[in-house]
Amino acid sequence: MNVILVGFTKKGVRKDIPLPGPTTVIGRTPEADIQIPVSDVSRRHCQIAVNGAKVMLKDLGSSNGTFVNDTKVGETTLRPGDRLKVGPFTFVIQIDGKPEKIQSAAPKPPATPTPKPAAAAAKPAAKSPAPAAAPAPAGSGSFDLSDLDVDNLDLDDMSPIEDLDELVEIDSDELEELDDSSVVEDEKPPKKK
146 MNVILVGFTK KGVRKDIPLP GPTTVIGRTP EADIQIPVSD VSRRHCQIAV
196 NGAKVMLKDL GSSNGTFVND TKVGETTLRP GDRLKVGPFT FVIQIDGKPE
246 KIQSAAPKPP ATPTPKPAAA AAKPAAKSPA PAAAPAPAGS GSFDLSDLDV
296 DNLDLDDMSP IEDLDELVEI DSDELEELDD SSVVEDEKPP KKK
């Protein structure tokens, strides 16, 4: 049985590492069959053993764990195409030439979403609740009521205003300072004939 660990460099160059014997130890120490001299890899990290038609992986008590297909394992059977992670390195398991095609084991960065043009945006349903409108800046004197859902207003549920004096507190001295130009009178519409 021919078992190869397929890895890729940061530049995407493929590196094939054939298992040197029926039992292979992967670790940081120079005595390991496959040496990975990185601090995240334990001295004797894991072992791969070929037993007849089975390829067995066993973690050797590593500090950071051994992962197969993103799952931490103690002992498991390896299959063609499995992804073995030892420290910061990920290898794809190739057994007797399977899988034939292997791509980089490094995860691809997430795609950046493309903003949709304004014309392509979906219109909200007629009776869906409107999003909350941003408050008007202080002193702006205008309010955006376009999002007000008047069809669903419940006037019985509105709490009555008990005392107007609590709402608007104006000092009597301030009232005297107001001149006639600041007072706006209501205009009455012309009478219809």
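The C-terminal position of the sequence shown is numbered 338 in the numbering used here, with every residue numbered one higher than the one before it. All C-beta atoms, glycine included, are put in the ideal place defined by N, C-alpha and C.
Check                                                                                                                                                                                          : Outcome
Quick check: the Cα distance between Thr216 and Pro182, rounded to an integer number of angstroms?                                                                                             : 23 Å
Restricting to Cα atoms, I'd like to know which of Val148, Val158, Pro175, Thr174 is closest to Ala194.                                                                                        : Val148
Given this structure, state the Cα-to-Cα distance separating Ile238 from Gly219, to the nearest angstrom.                                                                                      : 17 Å
Compute the Euclidean distance between the alpha carbons of Pro167 and Asn196, then round it to the nearest angstrom.                                                                          : 7 Å
Kindly indicate the opening and closing residues of the beta strand (DSSP E) around Asn196.                                                                                                    : 191–196
What separation, rounded to the nearest whole angstrom, lies between the Cα atoms of Arg224 and Arg173?                                                                                        : 25 Å
Can you look up Leu309 in the DSSP assignment and give me helix, strand or coil?                                                                                                               : Caution applies to Leu309, whose pLDDT of 40 falls short of 50 and renders its modelled position unreliable; the value that the coordinates give is listed next. Three-state DSSP puts Leu309 in a helix.
Kindly list the residues whose CB is nearer than 7 Å to the CB of Asp185, restricted to its own chain and excluding five residues on each side of it in sequence; keep chain order.            : Asn209, Gly232, Pro233
Tell me which same chain residues have a C-beta within less than 7 Å of the C-beta of Arg159, skipping the five on either side of it?                                                          : Val151, Phe153
Leaving out the 5 sequence neighbours to the left and right, which residues in its chain are closer than 8 Å to Ser187 when beta-carbon positions are compared?                                : Gly172, Arg173, Leu205, Gly206, Ser207, Ser208, Asn209
Grouping DSSP H, G and I as helix and E and B as strand, with all else coil, what is Gly232?                                                                                                   : coil
Starting from Pro225, trace the beta strand (DSSP E) in both directions and tell me its first and last residue.                                                                                : No beta strand (DSSP E) holds Pro225; DSSP gives it neither H nor E.
Starting from the C-beta of Ile162, find all residues in its chain whose C-beta is less than 7 Å away, skip the five residues before and the five after it, and write them out in chain order. : Ile149, Leu150, Gly152, Ile179
On the premise that Lys203 lies in contact with Gln192, defined as a C-beta separation below 8 Å, what is that separation, rounded to the nearest angstrom?                                    : 5 Å
Let's see if you can read the secondary structure: which residues bound the beta strand (DSSP E) around Thr168?                                                                                : 168–172
To the nearest angstrom, report how far apart Lys230 and Lys155 are at their CA atoms.                                                                                                         : 15 Å
Only counting the same chain, and skipping five residues up and downstream in sequence, which positions put a Cβ closer than 7 Å to that of Asp139?                                            : The first residue shown for the chain is 146 and the last is 338, placing residue 139 beyond what the model contains.
Name the two residues that bound the continuous beta strand (DSSP E) containing Leu150.                                                                                                        : 148–153
Classify Thr222 as buried or exposed, calling it buried when 16 or more other Cβ atoms lie within 10 Å of its own Cβ.                                                                          : exposed
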